[in-house]
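A short write-up of the structure that comes next.
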Amino acid sequence: DAGVIQSPRHEVTEMGQEVTLRCKPISGHNSLFWYRQTMMRGLELLIYFNNNVPIDDSGMPEDRFSAKMPNASFSTLKIQPSEPRDSAVYFCASSPPPAGRSETQYFGPGTRLLVL
Amino acid sequence: AQSVTQLGSHVSVSEGALVLLRCNYSSSVPPYLFWYVQYPNQGLQLLLKYTSAATLVKGINGFEAEFKKSETSFHLTKPSAHMSDAAEYFCAVDRGGNQFYFGTGTSLTVIP
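Chains as they are written, first to last, in the numbering used here: chain A, 577 to 692; chain B, 20 to 131.
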């Protein structure tokens, strides 16, 4: 299995520009998570999808952030307009249908975003 | 709400020495706990997980962790550190619905 795939791996953009991050979960996984990692705040859950439906988006910082999952094999996280404080590493993770109460989350390599 | 606390943001050990990374949890229900490792410029990788089957959990790369309810702890250990163990380690708890809360991480340095 190829694992969780994220693109791009690195993104440098200017303040005010739109940024789109992409994620392909592991085939057969039905849960998808977007995280943001910064030195100051650590690893934060932004949004969580189950069977392509957003379940909890309480971690999304503000209206500039939006996420979609049009099908089981693709998700996007969009920032519009971007700001320097959005600079971080964004991770996508997926997990299989639960066999018990909890399942392992498998992480992608991340997208390192720098907003100038 | 369920959470975890990692004690010590930086730990240094000599190559061959015992590795001990601390994690304490807070939970009103039996927790499901995880340890992940992050190597530089990479995503998080599962080391091991506790799902109440056994209190001593063995993971990859020689790591293991023991669930101690009386101490609300889930510390990660490895008998002999290797240079390749240098990384960031995260403890996490499943808050329910497969939503994880991650600790702040512990950076492990291995001194040759």
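Virtual Cβ for every residue (Gly too), placed ideally from N, Cα, C.
Around A:THR652, no beta-carbon contact reaches into chain B at under 8 Å, the shortest distance being about 18 Å. Residue environment for A:PRO601: buried (at least 16 other C-beta atoms within 10 angstroms of its C-beta). Close CB contacts of B:SER28 within its chain, under the 8 Å cut and outside five residues either way in sequence, are with THR123, GLY124, THR125, SER126 (chain order). In its chain, beyond the 5 residues on either side, ILE623, TYR624, ALA643, MET645 have a beta carbon closer than 8 Å to the beta carbon of A:PRO630. A:GLY592 has a beta carbon lying at 7 Å or more from every beta carbon in chain B. Measuring C-alpha to C-alpha distances from A:PRO660 to each of A:GLY579, A:THR589, A:ILE581, A:ARG585 identifies A:THR589 as the nearest.
For A:TYR624, the residues of chain B that pass the 7 Å Cβ criterion are GLN118, in the order they occur in the chain. At a cut-off of 7 Å between beta carbons, B:GLN61 contacts chain A. A straight line joining the alpha-carbon of A:LEU689 with that of B:ASN80 spans about 31 Å.
Contact check between the segment 37-45 of chain B and the segment 55-68 of chain B: fewer than three CB pairs, one atom from each, fall below 8 Å, which does not count as touching.
Note that the C-beta distance between B:ALA111 and B:LEU95 is not below 7 Å. Between A:LEU619 and A:GLN613, the beta carbon gap of about 5 Å places them in contact (Cβ cut-off 8 Å). Cβ-Cβ separation between A:GLY684 and A:VAL595: approximately 16 Å, too far for a contact (criterion under 8 Å).
Put simply, the CB of A:GLU638 is far from chain B, with every gap to its CB atoms at 7 Å or more.
Along the segment 603-630 of chain A, going in chain order, the ones with a CB nearer than 7 Å to a CB of chain B are SER607, GLY618, LEU619, LEU621, TYR624. Restricting attention to B:ASN60, B:TYR120, B:ALA73, B:GLU34, the CA atom closest to the CA of A:HIS586 is found in B:ASN60.
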